[in-house]
Every structure is written in C-alpha cells, then in structure tokens.
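*Asks:* In my numbering, the protein residues as written are 71 to 344.
Even for Gly, the Cβ is constructed at its ideal location relative to N, Cα and C.
I am attaching a structure below and will ask some questions about it afterwards.
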Ligand code: AMP
Ligand code: MN
Ligand code: MN
Ligand code: MN
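Written out as structure tokens, the structure is:
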C-alpha cells in the first residue's frame, strides 16, 4: 500500500536530521512516498541525488515557501519540482538572500538586548542550514534565555516582540508561478495553523485557488477528524486537490511525529493522483 507524507524538514532548514536519516525514519514509519520540503530550498533533495534510496521508496523534490497575504505569513508547498528550472532557481536564490539578511537582523536585535553570539554559534552548529527563526528559538532555549521553545517566540522572536524582524516575502501568486514554471504542484500548507478566523481561512483558500493553487493540506499531524472534514468539504467545493503531510522536524518539535497520519477522506482527490 502506498503511503504518502508530503511535508517534512531536514537540517537544510529547521529539521534535526540529515536527508538520509530522515528517509530512514520515514521508511521505518511506513512511508513509501516522501517529499522533503525544507523552508525555501531543496538542497536536501540535491544532496541525495547520487544516493541509493531504499527499494520501493520514492523521494519527491519539494520546498515550503514563505509568502505574504494581507500581512500574514502563508506557507506554500511546491511538490514535484524540477530543481533545474531557472525561474525556480532564481526564486529560491531570492528567498535564501531574504533569510540570510533577516538572520543578521535578528542577531543585531538580540545583541541590542544584550544577547550576544547567536548567529556566530548557529553558523557553526548548522553549517548546512538556511537559518529560520526556529534555529534562533532553539539557541535561546539552549542558552536558558527561555524555558521552552514556544517561549522564545513569545518573548523575543514572535511578531511585535523585540527581536522580531519582518521579511517582505513574495506574494502567493508569484510563488505559485515559480512552482508551475518548474512543473510542480502548489499546495497551501497547514491551512488551520495561521492566526485567522474560519471565515478568513475560507477567503485565503478561495484566493489560493483563484491565483492557480492546485491543492491544500487536508491531513497534517495535529489535525482532528472534524477539522479534516471541514477542509475536505472546502476542497470538494472549490475543486482543489488534497495533500497529506506530517510537517516532521525532529525531537525539538516533539508534538509532530512521523507517520500515523489520518487517511484522506474518500471524497478528496489526492494531489498525487493524476
Ligand atoms: P520562519 O523562519 O519565520 O519561517 O520560521 C520557521 C519556523 O519557526 C516555522 O516553520 C515554525 O516551525 C517556527 N515558528 C515560526 N513562528 C512561530 C511562532 N509564532 N510560534 C512557534 N513557532 C514558530
Ligand atoms: Mn519549520
Ligand atoms: Mn509551515
Ligand atoms: Mn513545514
């Protein structure tokens, strides 16, 4: 039986594992089709191109792109991407630069608060990573500037907190265009994890469809049956495909486990069937 998990992270972004460790973990959890979707890059996929992967296992090239929609940071997954496509490569290069500049700005803001050395440490600790706020959160936790991971956002890194630095992310439509130029499918990630009311989520999904989005994540690790049914109904109404992905990161985010995802509701058209 094929088993799809189309959302996961390695140490090329804020995941804990190397690409091969992640593949092994996924296979042990029963996954047959895994998309590695690091934030704004697909370097993990490139690093595996000459590796022998387990028999019967399929790796799908992907990425999780940060975008903007009315001031909200919205995550768009690109799946089945051609990593050689020039439009996509240019988009990824721009995203990487935005993240690098923001990491420097976060470091400056932290040092203004008397918290010195985060970026220098992170560059040594995570030589492969495109740095995210999750890296800074883990560093703040390790250095006892906070008592749990979430508190790093509540005290320092979250919106309107003293070390917050915004990024002008591209519009959803632009990112969908990169994904389509590279032959991929564009999926709205974890629709229920944005600070939006249900009505606004519906508007977001409608907008996503209008600007060319292919599907939405109906199943994630933390979703319950009622939420899943609601998203399935929206998919059905708007003729969007459904995706399924845990968003596994590793031990530092223990609330997200690999595997054991709910099955997509029968009325959903899976994003992988075409
Ligand atoms: P970013 O660098 O802003 O894209 O953030 C990367 C990761 O940090 C996200 O994928 C989440 O895992 C985590 N994160 C971002 N914002 C928050 C928040 N307000 N609370 C908890 N975790 C967050
Ligand atoms: Mn993440
Ligand atoms: Mn996300
Ligand atoms: Mn993710």
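Would you check if the distance between the CB atom of residue 331 and the CB atom of residue 316 is smaller than 7 angstroms?
*Replies:* Here residue 331 is taken as the residue at index 261 of the chain shown, counted from 1. Here residue 316 is taken as the residue at index 246 of the chain shown, counted from 1. Contact: yes.
*Asks:* Nearest to residue 242 by CA position, among 139, 186, 75 and 127, is which residue?
*Replies:* Counting from 1 along the chain shown, the entry for residue 242 is found at position 172. Of the candidates 139, 186, 75 and 127, the one whose C-alpha sits nearest the C-alpha of residue 242 is 139.
*Asks:* Check whether the Cβ of residue 100 sits closer than 6 angstroms to any heavy atom of ligand 5, and report yes or no.
*Replies:* This structure lacks ligand 5; the ligands present are ligand 1, ligand 2, ligand 3 and ligand 4.
*Asks:* For a test of the three-state rule: what should DSSP assign to residue 93, helix, strand or coil?
*Replies:* For this step, residue 93 is matched to residue 23 along the chain shown. Residue 93: helix per DSSP, three-state reduction.
*Asks:* So is the beta-carbon of residue 259 under 6 angstroms away from any non-hydrogen atom of ligand 3?
*Replies:* Start at 1 with the first residue of the chain shown, and residue 259 comes out as number 189. Yes, ligand 3 has a heavy atom inside 6 angstroms of this Cβ.
*Asks:* Buried or exposed: where does residue 83 fall if 16 or more other Cβ atoms within 10 Å of its Cβ makes it buried?
*Replies:* Residue numbering aside, residue 83 sits at position 13 when the chain shown is read from its first letter. When all chains shown are included, residue 83 counts as buried.
*Asks:* Using a Cβ-Cβ cut-off of 8 angstroms (strictly less than) and excluding sequence neighbours within five positions of residue 235, which residues of its own chain qualify?
*Replies:* Taking the chain shown and counting its residues from 1, one reaches residue 235 at position 165. Closer than 8 angstroms at Cβ, skipping near neighbours: 172, 175, 176 and 179.
*Asks:* Out of 338, 80, 309 and 314, which one is the CA nearest neighbour of residue 199?
*Replies:* Translated into positions along the chain shown, residue 199 becomes position 129. Residue 80 is the option with its Cα nearest to residue 199.
*Asks:* Which same chain residues end up closer than 7 angstroms to residue 153 when comparing Cβ atoms and leaving out the 5 residues on each side of it in sequence?
*Replies:* By one-based count along the chain shown, residue 153 stands at place 83. So the list reads 112, 115, 116 and 131, once near-sequence residues are dropped.
*Asks:* Give, in chain order, every unbroken run of the beta strand (DSSP E) that is at least 3 residues long and sits entirely within the stretch 244-323.
*Replies:* Listed in chain order, the complete beta strand (DSSP E) runs (minimum 3 residues) inside the stretch 244-323 are 255-258, 285-289 and 311-314.
*Asks:* By Cβ distance, which residues of its chain are closer than 8 angstroms to residue 266, with the 5 residues on each side in sequence left out?
*Replies:* Counting from one through the chain shown, the residue named residue 266 turns up at place 196. Counting only Cβ-Cβ distances below 8 angstroms, and skipping sequence neighbours, we find 142 and 274.
*Asks:* With DSSP as the reference, label residue 161 as helix, strand or coil.
*Replies:* Taking the first residue of the chain shown as 1, we reach residue 161 at position 91. Helix at residue 161.
*Asks:* Looking only at its own chain, which residues have a Cβ that is under 7 angstroms from the Cβ of residue 188, when we skip the five neighbours before and after it?
*Replies:* Reading the chain shown from its first residue, position 118 is the one you call residue 188. Only 177, 180, 206 and 209 meet the Cβ criterion.
*Asks:* With which residues is residue 104 paired in a DSSP beta bridge?
*Replies:* Stepping through the chain shown from its first residue, residue 104 is reached at position 34. Bridge partners of residue 104: 75 and 129.
*Asks:* For the beta strand (DSSP E) that residue 142 lies in, which residues bound it at each end?
*Replies:* Here residue 142 refers to the residue found at position 72 when the chain shown is read from its first residue. Residues 142-149.
*Asks:* On the CB-based measure, 16 or more other CB atoms within 10 Å of its CB, does residue 259 come out buried or exposed?
*Replies:* The residue you call residue 259 lines up with position 189 of the chain shown. Its Cβ being crowded by 16 or more others within 10 Å, residue 259 is buried.
*Asks:* Whole-angstrom Cβ separation of residue 305 and residue 281, contact assumed at under 8 angstroms?
*Replies:* Numbered from 1 along the chain shown, position 235 holds the residue referred to as residue 305. Numbered from 1 along the chain shown, position 211 holds the residue referred to as residue 281. Incorrect: roughly 17 angstroms between the Cβ atoms, too far for contact.
*Asks:* Are there any heavy atoms of ligand 2 lying less than 6 angstroms away from the beta-carbon of residue 316, as far as the coordinates show?
*Replies:* Position 246 of the chain shown, counted from the start, is the residue given in the question as residue 316. The answer is no for residue 316.
*Asks:* Between residue 141 and ligand 1, is the CB less than 6 angstroms from at least one heavy atom?
*Replies:* Taking the chain shown and counting its residues from 1, one reaches residue 141 at position 71. Residue 141: no, Cβ never under 6 angstroms from ligand 1.
*Asks:* Use the C-beta contact count for residue 229: other C-beta atoms within 10 angstroms, 16 or more gives buried, fewer gives exposed.
*Replies:* As a first step, residue 229 must be located in the chain shown, where it is residue number 159. It counts as exposed.
*Asks:* Since residue 284 and residue 251 should fall inside the 8 angstroms C-beta cutoff, what is the C-beta to C-beta distance between them, to a whole number of angstroms?
*Replies:* Along the chain shown, one-based indexing puts residue 284 at 214. Along the chain shown, one-based indexing puts residue 251 at 181. The pair is not a contact, with the Cβ atoms about 14 angstroms apart (cut-off 8 angstroms).
*Asks:* Which one of 109, 118 and 169 has the shortest CA to CA distance from residue 92?
*Replies:* Within the chain shown, numbered from 1, the residue matching residue 92 stands at position 22. It is 118.
*Asks:* With hydrogens ignored, establish whether the beta-carbon of residue 136 is closer than 6 angstroms to any heavy atom of ligand 1.
*Replies:* As a position in the chain shown, residue 136 is number 66, starting the count at 1. The answer is yes for residue 136.
*Asks:* Excluding the five sequence neighbours on either side, which residues of its own chain have a C-beta within less than 6 angstroms of the C-beta of residue 271, listed in chain order?
*Replies:* The residue you call residue 271 lines up with position 201 of the chain shown. Around residue 271: 261.
*Asks:* What does a CB cutoff of less than 7 angstroms around residue 86 pick up in its chain, not counting 5 residues either side in sequence?
*Replies:* Taking the chain shown and counting its residues from 1, the one referred to as residue 86 is at position 16. Taken in chain order, the residues that qualify are 319, 320, 321 and 322.
*Asks:* Going by DSSP, name the residue or residues bridged to residue 217.
*Replies:* The sequence position of residue 217 within the chain shown is 147, counting from 1. DSSP lists no partner for residue 217.
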